[in-house]
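Comments concern the structure below.
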Amino acid sequence: MQPIRLATADSREPSGSITKPDLPLTRRQFLKGSGILFGTIAITSPLALLAPSSAWALELKVLDTATGNTLLSFGRVLYPHANLPDAVYAILVKDLDAMAASDPEIARQLRDGVQALDQKAGGAFSKAKPETQLTAVKAIEATPFFATVRGKCITSLYDNEMAWAALGYPGESWSKGGYITHGFQDLKWLPAPPESASPPPYMG
Amino acid sequence: MAKIGYNDDSAVVIIGSGAGGGTLANELCQKGIKVVVLEAGAMQSNASFINDEWKSFAQLAWLDPRTTSGSFRLAKDFPGLPAWICKTVGGTTTHWAGASLRFQEREFKVRSEYGQLEGANLMDWPLTLKEMEPWYAKAEDKMGVTRTNGIPGLPGNNNFKVMYAGATKLGYKEVHTGNMAINSQPRDGRGRCLQLGFCFQGCKSGAKWSTLYTELPKADATGNLDLRPESHVTRIEHNAAGKVSAVVYFDKDGKEQRQKARIVCVAGNSIETPRLLLLSASDMFKDGLANSSGQVGRNYMRHMTGSVYAAFKDPVHMFRGTTMAGIVRDEAGNDTRRGFVGGYEMETLSLGVPFMAAFLNPGGWGADFTWWMDHYAQLAGMWLVGEDMPRETNRITLNAKVKDKYGSPVANVHFDDHPNDVAMRNHAYTQGERVYEAAGAIRTFRTPPYPSTHNLGTCRMGASASSSVCNAFGQTHDISNLFISDGSQFTTGGAENPTLTIVALAIRQADHIAGQMSRKLI
């Protein structure tokens, strides 16, 4: 079983080439973090095809495991997708950990925020019932901590190939020659518009 | 590529290479006039464009700091990103969707048509549709606009099928795949549209018109163009006679340069253009260049916008194919029975998952938000774009508290919706929802405006030097060799996507500049 390292959501590239997530994780990197999150992707999930292994592990730089797990649960309450595995929410934790590593103020904000969530949940937020979690999150909606995590969710959760696959978005189309021969007008549950409104495609 | 010396004061210097600047450059070069184009952004190509929303955004968008104020929702949702425009060779023609509509006749004379409207600074253009028609015709031919010049319309995608079904059921009559500057068949050395679905990310096939790979290479082929990418202009200088004489900029190595000029044309889009005039204030022009009217930066317009997304029980896959795949034009007229003046267009629009998450409902969260994302494959979408009211108080100013990396105060964008804009938006939302309900939508959603793509009017043209910045040719009233060459010169906004009008005005302006140069007037 080879654990996968989760891809960064904000990698920049200089050219038009489309990169796949970078995956392998060495054992040394795997062990040196201050916190570690583990998970598995169900073999039956179509997302398993995007990963070299059904198991994933995330090494944290500055946050501890409990904080990481709470942030993961917080992400699930903010953007609850039944069909997204924890591996996607772990990207959120990875990105928040990276922010914390470069900014001690963010690190403090995240630790304090997690504490506040636990407090509002009357115990460990990550183990609380869904209704309790939702109430706790609503109670902190006006805080900078909430804004930091919610804002990060937008890129962490929705700018990765696992989420795209789960939500039915294939990403780039250039390498496939676009949709002109791949279903751009394959909708069958409505009548086709007349040619005056929508002429046939030019096929050479 | 021509090499024009820094001290050569015989050339026309154009700041910006988008729809206005890029077109003007080519038109002047074709007439044998030497042109220096200073473009703040870097050079890209069809090959380097990226089919990925955030990566492309980082590659193409203008991300230098800006600030916002006012009551418009963008100031809350995206306080540091009031506009979604580009900093790259080709400017926002790399990003635009391609919709190329002529203004309607009345939209050139709204003060006469709509009368005095409280809180709106309405003014007639110093131009009529009749005067513009030949220039529109040249622009359409240049850009290869579908449904003009015998060019067939584009084939409609799934998103358009949904719009068409709903709109025609509702009784709308003018519903088709639009007038698009996207090749429906090969033309002008460029291939036909591959229906990639990434129009906003730079067209990798080159089917969509952009100055990057049409006007600029054609200008270069004349031997008259000196195009300098990564050249950020910070100041326009003038001589003792009050004529502009040079442009100061930072080159790609961060070195300050001074390019002398016979004529300066500013085409930095409607936020940077007035900012540059204001940054160029001097002892002679204390309020900034060409600003004796006090109108530089004022009357900032961004079009009434909004979007409607609708979920259906069956798949749509709206992301397949052209982003702006079709249009409903029936609401574009002026029918005050609707409770507002002016009109709006309904145009299909699609976002990928990354941008849908960012823009569907900024700040939104919870199960209701994720319901929409979970239904992504079943969504259809449209953009609503209409005439907004110019207001003197909606304006671009310099924010001395925030500086860019060159030490210049950044632009602050202040905007308050006029009640007419709000009434129009509500009407448009309702009609958009009705279109989708007629097509069988299970739910509809009103998405607030995106960061502005249609930035207009901040150096408006007008008949009078006391109430406008430039004349009908974009020539500033105060300084005869200083021109406004982008959407900043719009007196009012019209309902239509502005690019075609910007291009038509640029062609016309080139003709005027060449005439004045040959008669030694400038």
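Residue numbers (our numbering), protein chains in the order written: chain A, 16 to 219; chain B, 89 to 610. Idealized CB from N, CA, C, for every residue including glycine.
In the structure shown, what three-state DSSP assignment does residue i receive?
i	result
S496 (chain B)	coil
E433 (chain B)	strand
M392 (chain B)	strand
E206 (chain B)	coil
H506 (chain B)	coil
S576 (chain B)	helix
W228 (chain A)	Missing from the structure shown is residue 228 (chain A); chain A here goes from 16 to 219 and no further.
V101 (chain B)	strand
A90 (chain B)	coil
T535 (chain B)	strand
S213 (chain A)	coil
L40 (chain A)	Summary for L40 (chain A): the model assigns pLDDT 43, below 50, so the residue's position carries little reliability; its value from the coordinates is reported in the next sentence. Three-state DSSP puts L40 (chain A) in coil, outside helix and strand.
A398 (chain B)	strand
G50 (chain A)	strand
P206 (chain A)	coil
F45 (chain A)	Any reading at F45 (chain A) is ruled out, since the residue's pLDDT is 45, under 50, leaving its predicted position unreliable.
T411 (chain B)	coil
I195 (chain A)	coil
K35 (chain A)	With a pLDDT of 42 at K35 (chain A), under the threshold of 50, the modelled position of this residue cannot be trusted, and the question is left open.
C281 (chain B)	coil
H565 (chain B)	coil
Hey, quick one: how far does the alpha helix (DSSP H) through residue i stretch, first residue to last?
i	result
V164 (chain A)	P159 to Y173
Q604 (chain B)	T587 to S606
K143 (chain B)	E141 to L148
K343 (chain B)	From DSSP, K343 (chain B) is part of no alpha helix (DSSP H); its letter is neither H nor E.
Rounded C-beta distance between residue i and residue j? I'm assuming under 8 Å.
i	j	result
L87 (chain A)	I51 (chain A)	Between I51 (chain A) and L87 (chain A) the Cβ distance is about 12 Å, and since that is not below 8 Å, they are no contact.
G179 (chain B)	N357 (chain B)	7 Å
L111 (chain A)	K76 (chain A)	Incorrect: roughly 11 Å between the Cβ atoms, too far for contact.
G277 (chain B)	N271 (chain B)	Rounded, the Cβ-Cβ distance is 10 Å, inconsistent with contact.
R408 (chain B)	T546 (chain B)	The Cβ separation is near 37 Å, so there is no contact.
W142 (chain B)	T82 (chain A)	Contact flag wrong, Cβ pair sits at about 27 Å.
V396 (chain B)	G244 (chain B)	18 Å between Cβ atoms; not a contact.
Based on Cα-Cα distance, which residue from the options lies nearest to residue i?
i	options	result
G106 (chain B)	B:E195, B:Y301 and B:I270	B:Y301
K489 (chain B)	B:L189, B:R479, B:N500 and B:R483	B:N500
G431 (chain B)	B:V523, B:R386, B:D96 and B:V416	B:V416
W71 (chain A)	A:P61, A:P95, A:I106 and A:R91	A:I106
Q604 (chain B)	B:P170, B:I121, B:G108 and B:D97	B:I121
K91 (chain B)	B:V332, B:I102, B:I595 and B:V124	B:V124
G168 (chain B)	B:Y538, B:K119, B:E525 and B:I138	B:Y538
P317 (chain B)	B:W223, B:M372, B:A529 and B:D339	B:D339
D314 (chain B)	B:G110, B:A445 and B:L448	B:G110
A583 (chain B)	B:N559, B:N543, B:D574 and B:L593	B:N543
F166 (chain B)	B:R513, B:A592, B:K175 and B:A446	B:A446
V523 (chain B)	B:L258, B:Q273 and B:D476	B:L258
I173 (chain B)	B:A253, B:P305 and B:A146	B:A146
T481 (chain B)	B:Q283, B:G421, B:V321 and B:V384	B:V384
V591 (chain B)	B:K230, B:K175, B:N508 and B:R346	B:K230
N237 (chain B)	B:Y224, B:F248, B:N247 and B:K249	B:Y224
Can you name the residues of chain B whose CB is closer than 8 Å to the CB of residue i?
i	result
E74 (chain A)	Simply none; closest approach about 24 Å.
P61 (chain A)	Going along chain B, no residue has its Cβ under 8 Å from P61 (chain A), so there is no contact; the nearest lies around 13 Å.
A178 (chain A)	V441
Which chain A residues sit within Cβ distance under 7 Å of residue i?
i	result
P240 (chain B)	P214
L282 (chain B)	G192, G193 and I195
A446 (chain B)	I169
R408 (chain B)	Y194, G198 and F199
G440 (chain B)	Y184
V404 (chain B)	L202
Check the Cβ of residue i against every Cβ in chain B and list those closer than 7 Å, keeping chain order.
i	result
P206 (chain A)	A253
Y15 (chain A)	This structure gives no information on residue 15 (chain A), because the portion of chain A shown stretches from 16 to 219.
E187 (chain A)	N139 and D140
A131 (chain A)	Near A131 (chain A) there are no residues of chain B at all, since even the closest Cβ is about 17 Å away, more than 7 Å.
Span of the beta strand (DSSP E) holding residue i?
i	result
L467 (chain B)	L467 to G474
R316 (chain B)	L313 to R316
F196 (chain B)	Element bounds for F196 (chain B): n/a, residue is neither H nor E.
I484 (chain B)	R483 to K491
S157 (chain B)	T155 to S157
E353 (chain B)	Just to set this straight, residue 353 (chain B) is Cys in the shown sequence, not Glu. Where C353 (chain B) is concerned, the enclosing beta strand (DSSP E) stretches over I351 to V354.
V125 (chain B)	V123 to L126
Just the chain A side, please: which residues come within less than 8 Å of residue i by C-beta, in chain order?
i	result
M461 (chain B)	Y94, H96, Y173 and L182
F457 (chain B)	Y94
N245 (chain B)	Y194, F199 and Q200
In chain A, which residues lie with their C-beta within 9 Å of the C-beta of residue i?
i	result
V250 (chain B)	L202 and L205
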